[in-house]
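Engineer: Protein chains in written order, with my numbering: chain A, 17 to 372; chain B, 17 to 372. Here a beta-carbon is modelled for each residue, glycine too, at the ideal position from N, C-alpha and C. Below you'll find the structure I mean.
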C-alpha cells in the first residue's frame, strides 16, 4: 500500500488479513500528555494551536513518539467549518466552545448557504500536508470532521448543551429549516473531507457526537441521512488507494445496521455497545472500531490488560477490528497507563489473527 | 381495586385490559408550571419544599388539577437517602445538587454502613400519607427512589458529572469498595420504598438516571444487580393489592431483557429506544412506560398529536402500555402543550384497546 511502513490500520478497515489488531486512541493528542500541554501553552490558546499548521503537526506527532500507535489523526477542532462560516467561535475556560452568532432563523441559514467555507480552511489542509510529510510513511493519517447534525447542534444552541432545546425545537417546529441547514453542512463536510484526502489523509472519520440524543426516526432523517450523502460523495472520489470512511455516532448502538448500509467501511462503537453483538449484526459489511470504556485507564495495570483482552476476545478471530477506546481519552489519565494498554493490544491480539 | 376511582395505570402495569392507554408525565410537578414556581418561591428553597409534607403534597397535586393524568407521583428529591446519611446535600443555582461530604474512601463507606437513613426520612412518608389522603382515590400514587448506582454517582462525584471519573475510578480500581457502597444503598432503597408503600404508595419506580453510562458488564454488576435485589424484596412484601415496580434506566435500551428478568412489572423507556422493538423483546414479561421525546412538546399542536399517535401505534394493540415522555418534562415547555398531549392520548388511544 504505497510507501506506508505500517498499513495495519487501513488493512483492518478493509477487512484484509492482519497479523495483529491495529490501534489508535481517540483524542490521542490531548491534554493528558504533558508535551501537549506544553505546546498548547506555547500556542497561547486553543484556536491558535489548531490554526497554526506547524503546531498542529507537532501535537499530532507527539503521541506517536511516545506510543506505538498504528495511525495518526489530524489535530484540529470539530468546529472549524462553522468557524469559517463566521459564527464567531470562541472558547470559555471550563465551558467549552461557544458561538457569538448562532443560527436562530432562516435568514441565518440563507446567509451561510452562500459561503464556501473551505476557502477559509487552508490552514487545515496545510496541516494535513505537513503532517503527512513529517510522518515519512510511518503510519496512515486520519482526517476527520464533525457530522452535519453535530455541527448543527453547536451552531443552533450556540454552545454545548444538555437538553438540546433550541435545535430540537427547530427539529419539531421547523424541520424544513433544519433540513436546509443540514444540507448546507453535508455539502461543506463532503468538500472539507475531500480536500483533506487531496492533501494526504488516508482515511477519514465522521464524528457524530450528538446523534445519540435523537429518537430513531429523527436520527435516520437528521443525522444519518446527511452522513450518508457525504459517504456517497467520498466513495466516488478517484484516489490512488482506497480511502476508508469511518462513521461514529456516540450512543448509536441501536442503529448499526442503518449506519453500515451507508456504504462506509467502518463503524466506531462506544463502550455501551457490545462489540460481539455489533459484529454479529454488521460484521460482514463493515469493520468495527473501539470500544473500551475510557475510564478503564483509571484502573490498575492488571485491570487494563484484562479489559483489553475482553474486547479482543469479544470481537474474536479475524480481521475487521481496529482497537480504540469507546470515546476520547480523558484529561486526567496517567500517560503511562496508555502504555499498558498499547502493550496489551500488541501482546494479546496476534492470537486472534493468523500469521499473514 | 380498593376505592380507586381510576386504576387504569395499575391495570396497564399488570397488563390487565384497559379501555384506553393511561398516562402520567415524568417530572409532572415541575418548573414548567407557574403554580409550581409560586409554591417553590413560597417555600424559599428546593429542599424546604421537599421536606415540608404540606408543600410537597401541594405541588404533587398541582398537575392533576390542571391535566387529566392517570397517576400522581410523590414530589421529592432523588437524593433524600444520601442527604439523610449526612453527606451534606445542597443546591447551587444553575449547577444542580452538590454534596459537602462525598464518599472518597472506605472509611466513608463504613461510616454510612452503620446508619438507618430511613429514620430521618419521616418527612417523605408523611408526605406520602398526606398526598394519599388528599387524593381521595382519584388516581394511584407512585412512590420512587433513585437507583443505588445513580445515588452512588452523586455520592462519589459529589455533584452531577459528565465523565464520572471518580466513581469509574472506584469501579475499575476498587470494585469491592463500590460493591460495598451499593449493597448499603440497595438495602436503604428497599427500606425506603417499603416505607413509602406502607405509607400508601400504590406503585413504585426506581430511577436509574446514570446506568446508561456503563458498559454492559459494568451495568449488570453495578447498576442492575442492586436493583434486582430491591425488586426481589419488594415482591415479597405482603400488601392488600399488588404494588407494581417500574425500573427505568436512561440509555438502557440495550439491556431490556436483563431488566425484565428482575421480576419487575414495568420498564421505563427513553426516547432513543423503539417501543415496538422493546415490546417484541420483553412485552410478554413486562409493561412498558414511555417514550415520547420530551422535546416534541416544543413542536406545534399537530406535531404533538402526530408524534403521540406514532408512539401509540408502535406499541400497538392491547394492554401493557403506560404513556409517558422518555424523560422528565423540560422547564421551558408551555403548559398548554401538555394539554394537547393529554388530549391526544385520551382521544387516540381507545382505538388500541377493546372496550372493557
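Check whether the region 67 to 77 of chain A touches the region 43 to 63 of chain B, counting contact only when three or more Cβ pairs, one atom from each stretch, lie closer than 8 Å.
Structural biologist: Segments in contact, no.
Engineer: Distance, Cα to Cα, residue 17(B) vs residue 221(B)?
Structural biologist: Its pLDDT being 42, under 50, residue 17(B) is placed unreliably in this model, and the coordinates cannot settle the point.
Engineer: Reducing DSSP to helix, strand and coil, say where residue 320(A) ends up.
Structural biologist: Reduced to three states, the DSSP call for residue 320(A) is helix.
Engineer: Could you list the residues in the region 296 to 325 of chain B with a C-beta less than 7 Å from some C-beta on chain A, going in chain order?
Structural biologist: Going along the region 296 to 325 of chain B in chain order, one finds 309, 311, 312, 314, 315, 316 and 319 with a Cβ nearer than 7 Å to chain A.
Engineer: Within 10 angstroms of its Cβ, does residue 178(A) collect 16 or more other Cβ (buried), or is it exposed?
Structural biologist: So residue 178(A) ends up on the exposed side.
Engineer: Please determine, among 264(A), 239(A), 194(A) and 259(A), the residue with the shortest C-alpha to C-alpha distance to residue 126(A).
Structural biologist: Minimum Cα distance to residue 126(A) is reached at 194(A).
Engineer: Check the Cβ-Cβ distances between residue 181(A) and every residue of chain B, and say whether any is below 8 Å.
Structural biologist: It does: the Cβ of residue 181(A) has a partner Cβ on chain B nearer than 8 Å.
Engineer: If we ignore side chains and look at the alpha-carbon of each, how far apart do residue 40(A) and residue 148(B) end up?
Structural biologist: C-alpha separation (whole angstroms): 58 Å.
Engineer: Quick one: which chain B residues come within Cβ less than 8 Å of residue 279(A)?
Structural biologist: What residue 279(A) touches in chain B: nothing, since even the nearest Cβ is about 24 Å away.
Engineer: Which same chain residues, not among the five before or five after residue 278(A), have their C-beta less than 6 Å away from its C-beta?
Structural biologist: Same-chain partners within the cutoff: 244 and 247.
Engineer: Going along the chain, which residues of the region 179 to 207 of chain B sit with their C-beta nearer than 8 Å to a C-beta in chain A?
Structural biologist: Listed by position along the chain: 179, 180, 181, 184, 185, 187, 188 and 189.
Engineer: So residue 114(A) is in the alpha helix (DSSP H); what residue range does that whole segment cover?
Structural biologist: Run containing residue 114(A): none in the alpha helix (DSSP H); it sits in the beta strand (DSSP E), 112 to 115.
Engineer: Applying the criterion that 16 or more other CB atoms from any shown protein chain within 10 Å of the CB defines a buried residue, is residue 320(B) buried or exposed?
Structural biologist: Label assigned to residue 320(B): buried.
Engineer: Taking all protein chains shown into account, decide if residue 62(A) is buried (16 or more other Cβ within 10 angstroms of its Cβ) or exposed.
Structural biologist: Label assigned to residue 62(A): exposed.
Engineer: Using beta carbons (cut-off 8 Å, strictly below), is residue 290(A) in contact with chain B?
Structural biologist: True, the Cβ-Cβ gap to chain B drops below 8 Å.
Engineer: Based on Cα-Cα distance, which residue from 290(B), 131(B) and 305(B) lies nearest to residue 27(B)?
Structural biologist: Residue 27(B) has its Cα closest to that of 305(B), out of 290(B), 131(B) and 305(B).
Engineer: What is the DSSP secondary structure of residue 166(A), reduced to helix, strand or coil?
Structural biologist: If DSSP states are grouped into helix, strand and coil, residue 166(A) belongs with the helices.
Engineer: Quick one: Cα of residue 129(A) to Cα of residue 180(A), how far?
Structural biologist: Cα-Cα distance, rounded: 23 Å.
Engineer: CB residue 239(B) to CB residue 265(B), shorter than 8 Å?
Structural biologist: Yes; because the gap between Cβ atoms is below 8 Å, this pair is in contact.
Engineer: Let me confirm a value: residue 250(B) is counted as buried when at least 16 other C-beta atoms fall within 10 Å, else exposed. Which label applies?
Structural biologist: Result: buried.
Engineer: Are the beta-carbon atoms belonging to residue 163(B) and residue 227(B) less than 8 Å from one another?
Structural biologist: Cβ distance < 8 Å, so residue 163(B) and residue 227(B) count as in contact.
Engineer: Closer than 9 Å, Cβ to Cβ, to anything on chain B: give me those residues from the region 218 to 230 of chain A, in chain order.
Structural biologist: For the region 218 to 230 of chain A, which is checked against every Cβ of chain B, the residues closer than 9 Å are 228, 229 and 230.
Engineer: Name the chain A residues whose beta carbon is nearer than 9 Å to that of residue 121(B)?
Structural biologist: The contacting residues do not exist; residue 121(B) stays about 16 Å from chain A at best.
Engineer: Return the first residue and the last residue of the beta strand (DSSP E) that residue 224(A) is part of.
Structural biologist: 219 to 224 is the span of the beta strand (DSSP E), which, as asked, contains residue 224(A).
Engineer: Specify the secondary structure class of residue 15(B) as computed by DSSP and reduced to three states.
Structural biologist: The question about residue 15(B) has no answer here: the residues shown for chain B are numbered 17 through 372.
Engineer: Return no unless some Cβ of chain A is closer than 8 Å to the Cβ of residue 159(B).
Structural biologist: By this cut-off, residue 159(B) is not an interface position.
Engineer: On the criterion of 16 or more Cβ atoms from any shown chain inside 10 Å, does residue 60(A) qualify as buried, or is it exposed?
Structural biologist: Per the 10 Å Cβ criterion, exposed.
Engineer: Does any CB atom of chain B fall closer than 8 Å to the CB of residue 17(A)?
Structural biologist: Below a pLDDT of 50, predicted positions are generally treated as unreliable, and residue 17(A), at 42, falls in that range; no measurement from the model is reported.
Engineer: With burial defined as no fewer than 16 other Cβ atoms inside 10 Å of the residue's Cβ, what is the status of residue 90(B): buried or exposed?
Structural biologist: It is buried - the Cβ of residue 90(B) has at least 16 other Cβ atoms within 10 Å.
Engineer: Which of the three DSSP states is assigned to residue 282(B) in this structure?
Structural biologist: It is a strand residue.
Engineer: For a contact meaning CB atoms closer than 8 Å, what does residue 346(B) contact in chain A?
Structural biologist: Neighbours of residue 346(B) on chain A, chain order: 179 and 181.
Engineer: For residue 200(B), collect the residues of the same chain with a Cβ closer than 8 Å to its Cβ; drop the 5 residues on either side in sequence, then sort them by chain order.
Structural biologist: Only 125, 128 and 129 meet the Cβ criterion.
Engineer: Only counting the same chain, and skipping five residues up and downstream in sequence, which positions put a Cβ closer than 6 Å to that of residue 330(A)?
Structural biologist: Only 291 and 292 meet the Cβ criterion.
Engineer: Determine which residues share a DSSP beta bridge with residue 158(B) and list them.
Structural biologist: Beta-bridge pairing links residue 158(B) to 89(B) and 219(B).
Engineer: If you count every other CB in all the chains shown that lies within 10 Å of the CB of residue 224(A), and 16 or more means buried, which is it?
Structural biologist: Under this definition residue 224(A) is a buried residue.
Engineer: Taking the beta carbon of residue 100(A) as the centre, do at least 16 other beta carbons fall within 10 Å, making it buried, or is it exposed?
Structural biologist: Buried is the call here.
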